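S.K.: Take this structure first; my questions come after.
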Amino acid sequence: MILLMLLELMVIQIILATLISSPRLNILLALQFHMVMNSSFIPLRQGKHSRLMIPFK
340 MILLMLLELM
350 VIQIILATLI
360 SSPRLNILLA
370 LQFHMVMNSS
380 FIPLRQGKHS
390 RLMIPFK
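Residues in the sequence shown are numbered consecutively from 340, following the numbering used here.
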């Protein structure tokens, strides 16, 4: 459920990145995608909504 929300946010960011088309943002999105695919994620505690998930290995 939370992973689906994270993927939706990533899709929105990718669309924004293609509209802006800045290389730095594309690199950040690639790194974020890499982290999502290679890490197991745990949700942060309630009250911290700046970052939904943190990588946890």
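A virtual CB, placed ideally from N, CA and C, is assigned to each residue, including glycine. All figures in this text were calculated on a predicted structure; none of them were measured in a lab.
1) Who are the near neighbours of T357 in its chain, counting only those whose CB is closer than 8 Å to its CB and skipping five residues on each side?
2) Kindly indicate which three-state DSSP category V375 falls into: helix, strand or coil?
3) Have a look at Q352 and F372 and give me their C-alpha separation to the nearest angstrom.
4) In angstroms, rounded to a whole number, what distance separates the CA positions of L368 and M349?
M.R.: On the basis of the coordinates in this document:
1) none
2) helix
3) 11 Å
4) 8 Å
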